[in-house]
Amino acid sequence: MSAKIENLVENYSAVRESVANTKQYGPDVTKPQGPWLLDYVKQLHPRRLRMRVTEKFDVTESVKSFHLVPVDQYLPPFQAGQYVQVMVDAEGIHTGRPYSISSSPAQRGYYEITVRRKDDGLVSNFLHDQVQVGDILTTTGPAGHIYFNPLFHSKKQVLLAGGSGITPFLSMIREATDGNLDREIHLIYGCRTPDDAPYIEELRRRAAMHPNLKVDLVISEPDESWDGPQGFITAELIRSLGVDVEGSTFYICGPQAMQAFLAPELAKLNIPGKRIRREMFGAADDITQDAAWPEEISGDTRFTVKYGDQVISASADETILTALEKAGIRHESCCRSGECSACRMKLVSGSVFQASTVLLRRADMKAGYIHVCASYPISDVEVAD
Ligand SMILES: Cc1cc2nc3c(=O)[nH]c(=O)nc-3n(C[C@H](O)[C@H](O)[C@H](O)COP(=O)(O)OP(=O)(O)OC[C@H]3O[C@@H](n4cnc5c(N)ncnc54)[C@H](O)[C@@H]3O)c2cc1C
Numbered sequence: 012m013s014a015k016i017e018n019l020v021e022n023y024s025a026v027r028e029s030v031a032n033t034k035q036y037g038p039d040v041t042k043p044q045g046p047w048l049l050d051y052v053k054q055l056h057p058r059r060l061r062m063r064v065t066e067k068f069d070v071t072e073s074v075k076s077f078h079l080v081p082v083d084q085y086l087p088p089f090q091a092g093q094y095v096q097v098m099v100d101a102e103g104i105h106t107g108r109p110y111s112i113s114s115s116p117a118q119r120g121y122y123e124i125t126v127r128r129k130d131d132g133l134v135s136n137f138l139h140d141q142v143q144v145g146d147i148l149t150t151t152g153p154a155g156h157i158y159f160n161p162l163f164h165s166k167k168q169v170l171l172a173g174g175s176g177i178t179p180f181l182s183m184i185r186e187a188t189d190g191n192l193d194r195e196i197h198l199i200y201g202c203r204t205p206d207d208a209p210y211i212e213e214l215r216r217r218a219a220m221h222p223n224l225k226v227d228l229v230i231s232e233p234d235e236s237w238d239g240p241q242g243f244i245t246a247e248l249i250r251s252l253g254v255d256v257e258g259s260t261f262y263i264c265g266p267q268a269m270q271a272f273l274a275p276e277l278a279k280l281n282i283p284g285k286r287i288r289r290e291m292f293g294a295a296d297d298i299t300q301d302a303a304w305p306e307e308i309s310g311d312t313r314f315t316v317k318y319g320d321q322v323i324s325a326s327a328d329e330t331i332l333t334a335l336e337k338a339g340i341r342h343e344s345c346c347r348s349g350e351c352s353a354c355r356m357k358l359v360s361g362s363v364f365q366a367s368t369v370l371l372r373r374a375d376m377k378a379g380y381i382h383v384c385a386s387y388p389i390s391d392v393e394v395a396d
């Protein structure tokens, strides 16, 4: 007698349920028949989208949201938690940055992205100051791996957000609460001050209406009026907030400093790696602070980067991708955190420092490939496609 698939695959019924939810509340995933299937697949997974900015508004003093509507096609579906890379020509440099989609996948009119202004940041300042309603921006299609997967993840989700790291979780929470999905979500949201917490009012409103959503704001620089949890998110704090540590899947999103701080805290809770999902929010602000950085090389040392017949100058503390872009050389990239491998290049000669967060495939490592979005020159180097 043949075994039934539902008995062989763990969480099979949860996956079936999730597919049914997507059909009911998400994009129309009806499979078309016929020769135009390829066109259909391209529309679902476009390499590039031309997006019109239809709304731009303040969320906090340093955070603005933008609504993006495709010009040439319908809005490709995505998983709550994914991002698009937004490309711009800023200060004469053609470059891009990933921004998580903060709207729900069930919102079929537009993608919302929510951008925090970064001191001296090229693209965040350009988006805040130069981009206006009506402008057209180019983006990639949706990408990224931090999303709920019913096959492997618990319906109990603990979302640990730092600052603008709230954006992928906002999408997950909007989807789960609007669709009354069968999830138990506990958001622990670390911010400097309450005024610095994008969308906290909306999150609290949703938590008040949905018993399966709990929101805890943790303030690191509180004034005397703050009577909630304070400091950084620690193992002790996670326990004290009543998290079901053993039964939940943990998702972490925020700046690298927060991720570095949280790693030993989560280790104290003995959470196995398979129950932790992480999203890096970009390359390090200052790579020379990395514990493994070679002390003898100061950040402003300059090296040459040879690419084809071009030789450019690069500072040790800037990524090879940034150096190429500053020299007017366009190269594919997507996550800009060393994870997705879209920017992969061969290191023909020389040495680079790769951030500890880089996820390089073993085969790529053996064959001498690097992710140029998170690789820094520490000698003269030559790279090739
Ligand atoms: C998957 C993903 C999703 C993201 N989602 C969001 C989101 O939803 N919202 C959001 O606000 N952000 C998000 N980010 C972060 C975002 O992509 C950008 O990194 C952020 O907006 C800063 O970009 P910028 O161009 O303004 O700053 P950059 O110009 O890249 O500068 C960043 C920092 O590095 C410093 N720096 C730059 N160049 C050098 C140099 N040569 N030497 C030394 N220091 C230097 C700058 O002073 C600045 O402090 C996400 C990142 C990832 C990877």
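In my numbering, the protein residues as written are 12 to 396. Ideal Cβ placement from N, Cα and C applies to all residues, glycine included.
Item to check | R289, enclosing beta strand (DSSP E) - first and last residue | outcome: For the purposes of this step, residue 289 is taken as residue 278 along the sequence shown, with counting starting at 1. Start and end: I287 to M291.
Next on the checklist: Quick check on DSSP: helix, strand or coil for L171?
Outcome noted: As a first step, residue 171 must be located in the sequence shown, where it is residue number 160. Three-state DSSP puts L171 in a strand.
Item to check | Boundaries of the alpha helix (DSSP H) in which Y51 is found, first to last residue | outcome: Within the sequence shown, the letter at position 40 stands for residue 51. Note, Y51: alpha helix (DSSP H), L48 to L55.
Item to check | Whole-angstrom distance between F243 and Y36, CA atom to CA atom | outcome: For this step, residue 36 is matched to residue 25 along the sequence shown. For this step, residue 243 is matched to residue 232 along the sequence shown. Approximately 36 Å, taken between the alpha carbons.
Next on the checklist: Could you check whether L133 and T4 sit closer than 8 Å to each other, using their CB atoms as the reference points?
Outcome noted: Here the chain has residues from 12 to 396 only, and residue 4 is not among them.
Next on the checklist: So if DSSP puts T315 in a beta bridge, which residue, or which two residues, is it bridged to?
Outcome noted: Taking the first residue of the sequence shown as position 1, residue 315 is located at position 304. In the DSSP output, where bridge partners are listed per residue, T315 has S324.
Next on the checklist: I'd like the list of long-range same chain contacts for V74, defined as Cβ closer than 8 Å, with 5 residues on each side in sequence excluded.
Outcome noted: Looking up residue 74 in the sequence shown gives position 63. Around V74, the same chain offers T125, V126, R127, R128, S175 and P209 as residues with beta carbons nearer than 8 Å, after the five sequence neighbours per side are excluded.
Checklist entry - Apart from the five residues just before and just after W237, which ones in its own chain have a Cβ nearer than 7 Å to its Cβ? => result Along the sequence shown, one-based indexing puts residue 237 at 226. The residues are P205 and I230.
Checklist entry - With DSSP run on the structure shown, which of helix, strand or coil describes I199? => result As a working note, residue 199 is residue 188 in the sequence shown. Three-state result, I199: strand.
Item to check | Residue from Y51, P161, D131 and E123 whose Cα sits closest to the Cα of N22 | outcome: Locating residue 22 in the sequence shown gives position 11, counting from the first residue. Ranking Y51, P161, D131 and E123 by Cα distance to N22 puts P161 first.
Item to check | Alpha carbon of P305 to alpha carbon of E232, nearest angstrom | outcome: In the sequence shown, the residue the question calls residue 305 occupies position 294. In the sequence shown, the residue the question calls residue 232 occupies position 221. Spanning the two alpha carbons is a distance of roughly 33 Å.
Checklist entry - So what does DSSP say about Q4, is it helix, strand or coil? => result Here the chain has residues from 12 to 396 only, and residue 4 is not among them.
Next on the checklist: Is any non-hydrogen atom of ligand 1 found closer than 7 Å to the C-beta of R108, if you look at the structure I gave you?
Outcome noted: Translated into positions along the sequence shown, residue 108 becomes position 97. For ligand 1, at least one heavy atom lies less than 7 Å from the Cβ of R108.
Checklist entry - With a Cβ-Cβ cutoff of 8 Å, do Q96 and C345 count as a contact? => result Counting from one through the sequence shown, the residue named residue 96 turns up at place 85. Counting from one through the sequence shown, the residue named residue 345 turns up at place 334. For Q96 and C345, yes; Cβs fall inside 8 Å.
Item to check | Contact the stretch 146 to 155 vs the stretch 53 to 63: 3+ CB pairs below 8 Å | outcome: yes
Checklist entry - Would you call the stretch 209 to 218 and the stretch 180 to 191 touching, i.e. three or more CB-CB distances under 8 Å? => result With the cut-off at 8 Å, the stretch 209 to 218 and the stretch 180 to 191 touch.
Item to check | Beta-carbon spacing of L19, L171 below 8 Å | outcome: Position 8 of the sequence shown, counted from the start, is the residue given in the question as residue 19. Position 160 of the sequence shown, counted from the start, is the residue given in the question as residue 171. No, Cβ-Cβ distance for L19 and L171 is not below 8 Å.
Next on the checklist: Quick check: the stretch 281 to 288 against the stretch 185 to 196, are at least 3 beta-carbon pairs closer than 8 Å?
Outcome noted: no
Checklist entry - What whole-angstrom Cβ distance do F137 and A101 have, given they're in contact under 8 Å? => result Counting from 1 along the sequence shown, the entry for residue 137 is found at position 126. Counting from 1 along the sequence shown, the entry for residue 101 is found at position 90. Right, their Cβ atoms sit about 4 Å apart.
Checklist entry - Just curious, the alpha helix (DSSP H) that Y36 is in, first and last residue? => result Counting from one through the sequence shown, the residue named residue 36 turns up at place 25. Note, Y36: alpha helix (DSSP H), Y23 to Y36.
Checklist entry - Does the distance from the CB of G145 to the CB of Q93 come in under 8 Å? => result In the sequence shown, residue 145 corresponds to position 134, counting from 1. In the sequence shown, residue 93 corresponds to position 82, counting from 1. Pairing G145 with Q93 gives a Cβ-Cβ distance that is not under 8 Å.
Checklist entry - Does the stretch 347 to 366 come within contact of the stretch 387 to 394, defined as at least 3 CB pairs closer than 8 Å? => result The count of Cβ pairs closer than 8 Å, one atom from the stretch 347 to 366 and one from the stretch 387 to 394, reaches three, so the stretches are in contact.
Checklist entry - K129: beta carbon under 7 Å from a heavy atom of ligand 1? => result Working through the sequence shown from its first residue, we reach residue 129 at position 118. For ligand 1, at least one heavy atom lies less than 7 Å from the Cβ of K129.
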